[in-house]
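Protein chains: 2
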Amino acid sequence: MRIAFLLFDRFTALDVTGPYDVLSHLPGAETTFVAERPGPVANEVGSLRLYADAALADVPRPDVIVVPGGPGQNAHMADGPVRRWLRAADQHSTWTASVCTGSLLLAAAGLLNGRRATTHWLRHDDLVPLGAIPTPERVVFDGKYVTAAGVSAGLDLAFALAGRIAGDFVAQSIQLAHEYDPQPPYRAGSPATAPPAVVEAIRARRAAIVN
Amino acid sequence: MRIAFLLFDRFTALDVTGPYDVLSHLPGAETTFVAERPGPVANEVGSLRLYADAALADVPRPDVIVVPGGPGQNAHMADGPVRRWLRAADQHSTWTASVCTGSLLLAAAGLLNGRRATTHWLRHDDLVPLGAIPTPERVVFDGKYVTAAGVSAGLDLAFALAGRIAGDFVAQSIQLAHEYDPQPPYRAGSPATAPPAVVEAIRARRAAIVN
Numbered sequence: 120m121r122i123a124f125l126l127f128d129r130f131t132a133l134d135v136t137g138p139y140d141v142l143s144h145l146p147g148a149e150t151t152f153v154a155e156r157p158g159p160v161a162n163e164v165g166s167l168r169l170y171a172d173a174a175l176a177d178v179p180r181p182d183v184i185v186v187p188g189g190p191g192q193n194a195h196m197a198d199g200p201v202r203r204w205l206r207a208a209d210q211h212s213t214w215t216a217s218v219c220t221g222s223l224l225l226a227a228a229g230l231l232n233g234r235r236a237t238t239h240w241l242r243h244d245d246l247v248p249l250g251a252i253p254t255p256e257r258v259v260f261d262g263k264y265v266t267a268a269g270v271s272a273g274l275d276l277a278f279a280l281a282g283r284i285a286g287d288f289v290a291q292s293i294q295l296a297h298e299y300d301p302q303p304p305y306r307a308g309s310p311a312t313a314p315p316a317v318v319e320a321i322r323a324r325r326a327a328i329v330n
Numbered sequence: 120m121r122i123a124f125l126l127f128d129r130f131t132a133l134d135v136t137g138p139y140d141v142l143s144h145l146p147g148a149e150t151t152f153v154a155e156r157p158g159p160v161a162n163e164v165g166s167l168r169l170y171a172d173a174a175l176a177d178v179p180r181p182d183v184i185v186v187p188g189g190p191g192q193n194a195h196m197a198d199g200p201v202r203r204w205l206r207a208a209d210q211h212s213t214w215t216a217s218v219c220t221g222s223l224l225l226a227a228a229g230l231l232n233g234r235r236a237t238t239h240w241l242r243h244d245d246l247v248p249l250g251a252i253p254t255p256e257r258v259v260f261d262g263k264y265v266t267a268a269g270v271s272a273g274l275d276l277a278f279a280l281a282g283r284i285a286g287d288f289v290a291q292s293i294q295l296a297h298e299y300d301p302q303p304p305y306r307a308g309s310p311a312t313a314p315p316a317v318v319e320a321i322r323a324r325r326a327a328i329v330n
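The listed protein sequences correspond, in order, to chains A and B.
Just remember that my numbering sits 119 ahead of the position in the first sequence, which is counted from 1.
Just remember that my numbering sits 119 ahead of the position in the second sequence, which is counted from 1.
In structure tokens:
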């Protein structure tokens, strides 16, 4: 099972490393980081560089595609190498997945037409003009398409997807090995639970966070 | 505020990328990945490579040190460049943190003598001969030392540490921006909640997971 993780300049690191750290432990998984050009790819902060092993053309038919979000995603919304690769690779994939605003890339590539999907809570409305149906859940399955909410939701997506691919026992084993028993020290992870002043501050900084 | 993330061959990716993705968003944070030699460093699976920006000697006095775990940690338990760097850097750090079996490295460096600490649930007993007091909590603060349980606990550590460094409002803002509102699809993240057969399977594969 070949799993391709898309990288592009200014991606969000956890969007891709969270799912990677789960899915790479599936039996028989062969993981590849793929980008327009092989070599180091910098995240949105600029201080983390993940190494892309392969160019897009080198990975034409992965079984699973994982697309992260991040401010750099905007550069690939229009027709171009990344969008063309997504459309072509998706024709043969078993699962096509995204984390955070990665779903906007999938939708821009025309892959979520009429499908239920989620994204970062600040960007739900942006799915509509791209043809998808915004669905305010943490992980949304619609056929072979699986989308996750913001950043850290990629972990929940990965465990759910691991279960679909390899069964509950394997998914639960990876969860226990990773001690994924989250205990956030604050209850601020969603606009419904965060203090109103925090929600306001993040809305005001929206452009810096998801664009 | 200079934050140094230690890398070594066969580290666990999420141990370091989880905390990075939180702490790198602190106001004024200057993050560096440091390893014995600059350049790409491969994780335990071998298919993820993070780029180390600096050699150990280039980062002598970080304000915050973050040490991941992973099977490769064993190679640095004895006296050597990594242990010497940890001991020297720790003399000036404001916070010294670890995720998963990274605490065994801190303890082997003599930094957790008589201190409460946690680690991956499979390795709690191994803290004892290294002089630390195993404490079965997800995140343990003892003075300036902060240790997290297995892998994904690094996220909870990072938000707790962000709060200590920059206050609740900043930590909550990062949590909301990252939509850290975890909803694991299974209740298998700790030996207390996972199905007994899963716990047995992981105990049997212990050597492959934490060594």
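For glycine and all other residues, C-beta sits at the position ideal for the given N, C-alpha and C.
From a predicted model like this one, the values you see are computed outputs, not experimental measurements.
The Cβ atoms of glutamate 298 of chain B and glycine 188 of chain A do not sit closer than 8 Å to each other. Contacts with chain A (Cβ-Cβ distance below 8 Å) from the region 271-301 of chain B involve Ser271, Ala272, Leu274, Asp275, Phe278, Ala279, Gly282, Asp287, Phe288, Ala290, Gln291, Ser292, Gln294, Leu295, Ala296, His297, Glu298, Tyr299, Asp300 and Pro301, listed in chain order.
A straight-line Cα-Cα distance of about 14 Å links leucine 125 of chain A and glycine 199 of chain A. Taking the beta carbon of alanine 173 of chain A as reference, no residue of chain B falls within 7 Å; the closest one sits roughly 11 Å away.
Inclusion of lysine 263 of chain A and serine 212 of chain A in the CB contact set at 8 Å is warranted, their separation being smaller than that value.
Within the same chain, Cβ atoms closer than 6 Å to the Cβ of asparagine 232 of chain B are found at Gly250, the five residues on either side in sequence being excluded. DSSP places tyrosine 170 of chain B in the strand class (E or B) of the three-state scheme. Annotation for proline 159 of chain B: the continuous beta strand (DSSP E) segment containing it runs 158-161. Sequence-distant Cβ neighbours of isoleucine 284 of chain B in its own chain, meaning closer than 7 Å and more than five residues away, are Leu145. In the structure shown, the three-state DSSP call for threonine 150 of chain A is strand. Taking a beta-carbon distance threshold of 8 Å, proline 181 of chain B does not count as an interface residue toward chain A.
Where arginine 202 of chain B is concerned, the enclosing alpha helix (DSSP H) starts and stops at 200-209. For arginine 306 of chain B, the three-state secondary structure derived from DSSP is coil.
When only Cα atoms are considered, glutamine 210 of chain B and arginine 203 of chain B end up about 11 Å apart. Threonine 266 of chain B is bridged by DSSP to B:Ser217 and B:Val259. The alpha helix (DSSP H) runs of length 4 or more contained entirely in the region 217-244 of chain B are, from start to end of the chain, 221-227. Cβ contact annotation for arginine 156 of chain A (same chain, cutoff 8 Å, sequence separation greater than five): Ala171 and Ala174, in chain order. Under a criterion of Cβ atoms nearer than 7 Å, the residues of chain A adjacent to threonine 136 of chain B are, in order, Ala132, Leu133 and Thr136.
Secondary structure of alanine 132 of chain A (DSSP, three-state): helix. Exclusion of the five residues before and after leucine 167 of chain B leaves Ala132 and Ala161 as the residues of its chain whose Cβ lies within less than 8 Å of its Cβ. Interface criterion not met: the Cβ of histidine 243 of chain A is under 8 Å from no Cβ in chain B.
With respect to valine 178 of chain A, valine 201 of chain A sits apart: the two C-beta atoms are not nearer than 8 Å. Here DSSP, grouped into helix, strand and coil, assigns valine 317 of chain B to helix. With a cut-off of 8 Å on Cβ pairs, the region 295-309 of chain A is in contact with the region 312-323 of chain B, counting three or more such pairs. Considering only beta carbons, the part of the region 237-264 of chain A lying closer than 8 Å to chain B consists of His239, Trp240, Arg257 and Val258, in chain order. Taken atom to atom, the span from the alpha-carbon of serine 309 of chain B to that of alanine 290 of chain A is near 13 Å. Between leucine 246 of chain B and proline 253 of chain B, the CB-CB gap stays under 8 Å. Straight-line spacing of the CA atoms in glycine 191 of chain B and glycine 221 of chain B works out to 10 Å. Boundaries of the beta strand (DSSP E) harbouring valine 185 of chain B: 183-186, taken from the DSSP string. Short of 8 Å from the beta carbon of phenylalanine 278 of chain B, and not among the five residues preceding or following it, lie these beta carbons of its own chain, in chain order: Val141, Ala290, Ile293, Gln294 and Tyr299. With respect to chain A, the C-beta atom of aspartate 209 of chain B has no partner C-beta closer than 8 Å. Nearest CB-CB separation between threonine 266 of chain A and chain B: not below the 8 Å threshold.
Taking 9 Å as the Cβ-Cβ cut-off, the region 211-227 of chain A approaches chain B at Cys219, given in chain order.
Put simply, the CB of glycine 308 of chain A is near chain B, with a gap under 8 Å to one of its CB atoms.
Contact check for leucine 276 of chain A and proline 138 of chain A: beta-carbon distance about 6 Å, within the 8 Å limit, so the pair qualifies.
Taking 8 Å as the Cβ-Cβ cut-off, the region 158-172 of chain A approaches chain B at Pro159, Val164, Ser166, Leu167, Arg168, Leu169, Tyr170 and Asp172, given in chain order.
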